[in-house]
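There are 2 protein chains.
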Amino acid sequence: MTPLNETHDPNLTSWVASANDGQTDFPIQNLPFAIFRRQGSSEAWRGGVAIGDQIVDMAAAVQAGVFNGEALAAAQAAAEPTLNNLMSLGPQPLSHLRKVLSKALQTGSSQQAALQACLVPQAQAEYSLPARIGDYTDFYTSVHHATNIGKQFRPDNPLLPNYKWVPIGYHGRSSSIGISGQAFKRPKGQVKPPDADVPVLKPSARMDIELEMGVFVGQGNALGEPVTMAEAEDHIFGLVLFNDWSARDIQPWEYQPLGPFLAKNFASTVSPWVVTMEALAPSAPPSVTRKATRSPCPT
Amino acid sequence: MTPLNETHDPNLTSWVASANDGQTDFPIQNLPFAIFRRQGSSEAWRGGVAIGDQIVDMAAAVQAGVFNGEALAAAQAAAEPTLNNLMSLGPQPLSHLRKVLSKALQTGSSQQAALQACLVPQAQAEYSLPARIGDYTDFYTSVHHATNIGKQFRPDNPLLPNYKWVPIGYHGRSSSIGISGQAFKRPKGQVKPPDADVPVLKPSARMDIELEMGVFVGQGNALGEPVTMAEAEDHIFGLVLFNDWSARDIQPWEYQPLGPFLAKNFASTVSPWVVTMEALAPSAPPSVTRKATRSPCPT
Numbered sequence: 027m028t029p030l031n032e033t034h035d036p037n038l039t040s041w042v043a044s045a046n047d048g049q050t051d052f053p054i055q056n057l058p059f060a061i062f063r064r065q066g067s068s069e070a071w072r073g074g075v076a077i078g079d080q081i082v083d084m085a086a087a088v089q090a091g092v093f094n095g096e097a098l099a100a101a102q103a104a105a106e107p108t109l110n111n112l113m114s115l116g117p118q119p120l121s122h123l124r125k126v127l128s129k130a131l132q133t134g135s136s137q138q139a140a141l142q143a144c145l146v147p148q149a150q151a152e153y154s155l156p157a158r159i160g161d162y163t164d165f166y167t168s169v170h171h172a173t174n175i176g177k178q179f180r181p182d183n184p185l186l187p188n189y190k191w192v193p194i195g196y197h198g199r200s201s202s203i204g205i206s207g208q209a210f211k212r213p214k215g216q217v218k219p220p221d222a223d224v225p226v227l228k229p230s231a232r233m234d235i236e237l238e239m240g241v242f243v244g245q246g247n248a249l250g251e252p253v254t255m256a257e258a259e260d261h262i263f264g265l266v267l268f269n270d271w272s273a274r275d276i277q278p279w280e281y282q283p284l285g286p287f288l289a290k291n292f293a294s295t296v297s298p299w300v301v302t303m304e305a306l307a308p309s310a311p312p313s314v315t316r317k318a319t320r321s322p323c324p325t
Numbered sequence: 027m028t029p030l031n032e033t034h035d036p037n038l039t040s041w042v043a044s045a046n047d048g049q050t051d052f053p054i055q056n057l058p059f060a061i062f063r064r065q066g067s068s069e070a071w072r073g074g075v076a077i078g079d080q081i082v083d084m085a086a087a088v089q090a091g092v093f094n095g096e097a098l099a100a101a102q103a104a105a106e107p108t109l110n111n112l113m114s115l116g117p118q119p120l121s122h123l124r125k126v127l128s129k130a131l132q133t134g135s136s137q138q139a140a141l142q143a144c145l146v147p148q149a150q151a152e153y154s155l156p157a158r159i160g161d162y163t164d165f166y167t168s169v170h171h172a173t174n175i176g177k178q179f180r181p182d183n184p185l186l187p188n189y190k191w192v193p194i195g196y197h198g199r200s201s202s203i204g205i206s207g208q209a210f211k212r213p214k215g216q217v218k219p220p221d222a223d224v225p226v227l228k229p230s231a232r233m234d235i236e237l238e239m240g241v242f243v244g245q246g247n248a249l250g251e252p253v254t255m256a257e258a259e260d261h262i263f264g265l266v267l268f269n270d271w272s273a274r275d276i277q278p279w280e281y282q283p284l285g286p287f288l289a290k291n292f293a294s295t296v297s298p299w300v301v302t303m304e305a306l307a308p309s310a311p312p313s314v315t316r317k318a319t320r321s322p323c324p325t
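Structure follows, in structure tokens:
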């Protein structure tokens, strides 16, 4: 994990006053990314950075010449209609961009006038997916969650013997992932009550959510090349909240032997703002910080 | 399914002599699509159509002005670096293109000279994936296969009660699908022999293949909008062979409760040539032809 630096200083304030109220999710120490445009407009989708109740329009800021040097390539990638290219750059260019944004948004910055013209109020924005999602994998993390869910399907054997040895996960459907707040249709599916001889096709009556942490993997690796534990975090761009909508009445009938399918793939929703790993550095527990010092280790 | 038309006439021959030998997979009645370039070159990837032992370079043919009218849009889409746009056009434009290609490649065609200059020998070609694959779903089709595989994991209960009621499938990993013939690394994974107390990490010693039929879905549908049985085939672009490489020693330990995962997602390979549904029309059993007449039905 990136070490703490001046962008994490809790005493930093911004010339965007709403960033300093102590209540906002978006103080100058956060600076998450999203893809946005003005609500109801036909503007091009582009990247933005949250600050208080405003969005720094990255396309406008690049046009205004706010960025140069090592931060320019990352700023240009952040201005595109998806964040895929930004995510693929890896942590160093992203860290340069964070430093420049932090300085430009600080109280007293000489770039206030230039950036002020690039702000869009969050109240006027609509959001798109942060990235084209190539593959989506749902990991069965948290032994408490696995035990609770397992009880619904295998009351006498909720936690299987592999759980504590190998990461349990399954591939989900990428194409039905959308943005938090979107409407979607209640799914229909086959339900077989225990006392029925045959299943019936009907709208789900037992809709559920699982609030999960979504991880955007940025830098890739070649097929078949392992990523070491020490290197793993360099491949993570950032985190979102992920709502794994589930049709619990459809799931038990269909899920064996190949796992969750139609009961879990009709819609999944992510929060629009992606919080970078660097922004989260002050929240990492000591063990994570220690692992991340990346002392040489055998590969 | 598209009705039979003049492109299916078994008596048609081509001015490409190798298409007429009665042995080739690529007579003028087939005309499948691939993405190709000359081996070892840095040429742009583009679409091609197989005829005998040759490939019609669609980018060159569009440049040469071979196409116009209703076939032009499809021909231009077939000249791109992936076939995604061609696949999304649906069956009508594709059928126009097939008719024009069939006429231009027939013995005696006035376009022989123009198209001759657009041929690349298959022996000199290398192939890329036909399309960017957004999602990949593996269906557990064939009751015989399901019973045989089921016996490996549940000898006393190979076929579960849902099998004959609901399509059983799981989402696979799109990003590890490649082209037939590619080399890939033998996967490593956790294996737990029945008599061992704990699993061990080792290279798979029980590599297996499942030879499957791969279906490229072309035209999409809006999220939550069902596709009727009568309309289903209009959403299918064509078929490939699909090799579902499987690590059978890794699979039993990891696959419960969420289904196949690392034992099946390290590499999957497809044949480069996609055979269109229209080319397959003469091979459809009578029941399929009947269903495909698309009499009005309630939605």
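Residue numbers (our numbering), protein chains in the order written: chain B, 27 to 325; chain P, 27 to 325. Where a beta carbon is used, it is the ideal one built from N, C-alpha and C, also for glycine.
Contact with chain P by residue i, beta-carbon distance below 7 angstroms
{"i": "Q216(B)", "result": "yes"}
{"i": "S44(B)", "result": "no"}
{"i": "K211(B)", "result": "yes"}
{"i": "G250(B)", "result": "yes"}
{"i": "D326(B)", "result": "Given a span of 27 to 325 for chain B in the structure shown, any question on residue 326(B) remains unanswerable."}
{"i": "R232(B)", "result": "no"}
Integer Cβ distance of residue i from residue j, believed to fall under 8 angstroms
{"i": "S200(P)", "j": "Y162(P)", "result": "5 angstroms"}
{"i": "D275(B)", "j": "A222(B)", "result": "With a Cβ gap of about 12 angstroms, D275(B) and A222(B) do not count as contacting."}
{"i": "D270(P)", "j": "P117(P)", "result": "Actually they do not touch by this definition, with Cβ atoms about 27 angstroms apart."}
{"i": "P286(B)", "j": "Y166(B)", "result": "With a Cβ gap of about 10 angstroms, P286(B) and Y166(B) do not count as contacting."}
{"i": "I54(P)", "j": "S40(P)", "result": "4 angstroms"}
{"i": "M84(B)", "j": "G74(B)", "result": "6 angstroms"}
{"i": "T28(P)", "j": "A307(P)", "result": "6 angstroms"}
Short CB-CB distance (under 7 angstroms) between residue i and chain B
{"i": "S154(P)", "result": "no"}
{"i": "P298(P)", "result": "no"}
{"i": "Y196(P)", "result": "yes"}
{"i": "N269(P)", "result": "no"}
{"i": "P36(P)", "result": "no"}
{"i": "P225(P)", "result": "yes"}
{"i": "Q208(P)", "result": "no"}
{"i": "R72(P)", "result": "no"}
{"i": "E106(P)", "result": "no"}
{"i": "N111(P)", "result": "no"}
{"i": "Q282(P)", "result": "yes"}
{"i": "S168(P)", "result": "no"}
{"i": "N188(P)", "result": "yes"}
{"i": "V192(P)", "result": "yes"}
{"i": "G91(P)", "result": "no"}
{"i": "L306(P)", "result": "no"}
Under 7 angstroms between C-beta atoms of residue i and residue j
{"i": "G78(P)", "j": "F59(P)", "result": "no"}
{"i": "W71(P)", "j": "S154(P)", "result": "yes"}
{"i": "L267(P)", "j": "V301(P)", "result": "no"}
{"i": "F93(P)", "j": "I81(P)", "result": "no"}
{"i": "V253(B)", "j": "N247(B)", "result": "yes"}
{"i": "P156(B)", "j": "L109(B)", "result": "yes"}
{"i": "A97(B)", "j": "V126(B)", "result": "yes"}
{"i": "K177(B)", "j": "P187(B)", "result": "no"}
As assigned by DSSP and simplified to three states, the class of residue i
{"i": "N110(P)", "result": "helix"}
{"i": "K290(P)", "result": "coil"}
{"i": "G95(P)", "result": "helix"}
{"i": "S154(B)", "result": "strand"}
{"i": "L38(B)", "result": "coil"}
{"i": "N269(P)", "result": "strand"}
{"i": "Q102(P)", "result": "helix"}
{"i": "T50(P)", "result": "coil"}
{"i": "L227(P)", "result": "strand"}
{"i": "D164(P)", "result": "strand"}
Cutoff 7 angstroms; reference residue i; Cβ partners in own chain excluding five residues on either side
{"i": "N31(B)", "result": "none"}
{"i": "F179(P)", "result": "P278"}
{"i": "V217(B)", "result": "P225, V226, K228, D275, I276 and W279"}
{"i": "I175(B)", "result": "none"}
{"i": "D164(B)", "result": "G195, Y196, G198 and D270"}
{"i": "P193(B)", "result": "F165"}
Neighbourhood of residue i by C-beta distance below 8 angstroms, restricted to the same chain and skipping five residues each side
{"i": "L120(B)", "result": "A100, L112, F263, T302 and E304"}
Any non-hydrogen atom of the ligand COA within 6 angstroms of residue i CB
{"i": "E257(P)", "result": "By its list of ligands, the structure shown contains no ligand whatsoever, and the ligand COA lies outside what it can speak to."}
6 angstroms CB neighbourhood of residue i in its chain, flanking five on each side removed
{"i": "E238(B)", "result": "F268 and D270"}
{"i": "T295(P)", "result": "G204, S206 and N269"}
{"i": "R64(B)", "result": "Q150"}
{"i": "P213(P)", "result": "S230, A273 and F292"}
{"i": "L145(B)", "result": "Q80"}
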